[in-house]
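In the numbering used here, the protein residues as written are 7 to 301.
Ideal placement from N, C-alpha and C gives every residue a C-beta, glycine not left out.
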């Protein structure tokens with residue numbers, strides 16, 4: 007009997023995960039749609055209701071992933087399969103986490119250089135301890151929320167997508183990540199003041215590039231924790247530092263980690279990941295959809 011290639015088989019559990027995660031994302035945004043909230047300026051603060059809805063939205067992928075995995079394999083096995091257990095020595099894993107924190111900052115710095123040259127961004131000063139300390143505290147408090155996303159994307163979805171090919175799976179995962187944010191993006195969450203028909207495609211392309219980098223971190227370490235660190239660095243450090251360093255209101259479409267100015271640096275990073283996979287077959291392993299590991 008001819009043996010079927012594992013990459014050609016549909017991965018069990020992917021469709022219900024996406025259906026529940028996307029439905030949950032829209033449902034958590036319903037109160038904001040009913041309230042008529044829409045961000046129209048980058049200077050507009052996030053109201054408490056929006057913050058609560060975003061928290062609930064970020065927890066949906068993790069709860070979905072754990073529920074589906076525990077239903078099929080049991081709660082204890084779900085912990086291992088989703089990459090919650092330490093897969094490398096602590097010292098190595100901590101160094102991976104530290105390295106992951108620098109990746110979004112490096113991409114953002116490259117993008118800000120382009121924005122500055124284009125006249126879209128005006129750096130005014132370097133952040134001091136009074137700026138950094140609150141950011142660190144906010145990042146530590148917010149870790150469970152980013153874990154709520156990455157347990158779903160990198161712990162559950164990614165292993166199933168890479169069975170169809172590594173780079174294809176990484177890019178598709180990034181596109182899915184961007185599409186999942188549409189309910190928030192449509193309310194002006196990422197690009198306030200810009201038309202929805204512009205903000206949504208820009209958000210998807212940005213997520214495809216940045217999501218590929220974050221997923222590559224997950225593949226390199228075999229753990230979701232480094233991916234969580236990269237996501238924390240993106241939202242809790244790169245985004246606010248872009249605003250703090252500038253002396254004026256920053257348009258996130260033109261400057262910062264989610265801007266079109268970061269696309270060249272992110273695209274180069276994705277190209278580097280592709281070349282590394284071509285030469286070495288990929289950096290490490292990731293928990294497979296069936297609970298085993300796949301190269």
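- In this structure, 236 is the residue among 47, 236, 114 with its C-alpha nearest to the C-alpha of residue 221.
- Three or more beta-carbon pairs drawn from the stretch 190-202 and the stretch 255-271 are found closer than 8 Å, and the two stretches are therefore classed as touching.
- Note on geometry: alpha-carbon atoms of residue 241 and residue 111 lie some 10 Å from one another.
- With 16 or more other CB atoms across the displayed protein chains lying within 10 angstroms of its CB, residue 109 is buried.
- Sequence-distant Cβ neighbours of residue 252 in its own chain, meaning closer than 8 Å and more than five residues away, are 127, 128, 129, 130, 261.
- The C-beta distance from residue 21 to residue 117 rounds to 35 Å, too long to meet the 8 Å contact threshold.
- When DSSP states are grouped into helix, strand and coil, residue 110 belongs to the helix group.
- Apart from the 5 residues on each side of it in sequence, residue 273 sits with its Cβ closer than 7 Å to the Cβ of 215 in its chain, given in chain order.
- With at least 16 other beta carbons inside 10 angstroms of its own, residue 168 counts as buried.
- Shown here, residue 252 sits in a strand according to DSSP, grouped into three states.
- The beta carbon of residue 206 lies closer than 8 Å to those of 188, 191, 192 in the same chain, with the five residues before and after it left out.
- Cβ atoms of residue 149 and residue 223 stay farther apart than 8 Å, at about 16 Å.
- A residue is called buried once 16 or more other Cβ atoms fall within 10 Å of its Cβ, and residue 50, having fewer, is exposed.
- Taking C-alpha positions only, residue 195 is separated from residue 263 by approximately 14 Å.
- Nearest in C-alpha terms to residue 24, of all of 133, 174, 61, 67, is 67.
- Contact check for residue 208 against residue 266 passes: the beta carbons are separated by less than 9 Å.
- Here the stretch 275-286 makes no contact with the stretch 151-158; the two share fewer than three CB pairs at distances below 8 Å.
- In this structure, residue 19 lies away from residue 86, with their beta-carbon atoms at least 9 Å apart.
- A residue is called buried when at least 16 other Cβ atoms come within 10 angstroms of its Cβ; residue 104 does not meet this threshold and is exposed.
- For residue 56, the enclosing alpha helix (DSSP H) has its first and last residue at 54-79.
- Remark: C-beta atoms of residue 48 and residue 170 do not approach each other more closely than 9 Å.
- Excluding five sequence positions before and after residue 159, the CB atoms of its chain that fall closer than 7 Å to its own CB belong to 67, 179, 183, given in chain order.
- Residues 194, 198, 199 of the same chain have their beta carbon placed closer than 8 Å to that of residue 46, with the five preceding and five following residues left out of the count.
- In the three-state DSSP reduction, residue 129 falls in the strand class (E or B).
- Rounded to the nearest whole angstrom, the CA to CA distance from residue 210 to residue 61 is 21 Å.
- With contacts defined by Cβ atoms closer than 9 Å, residue 57 and residue 162 do not form a contacting pair.
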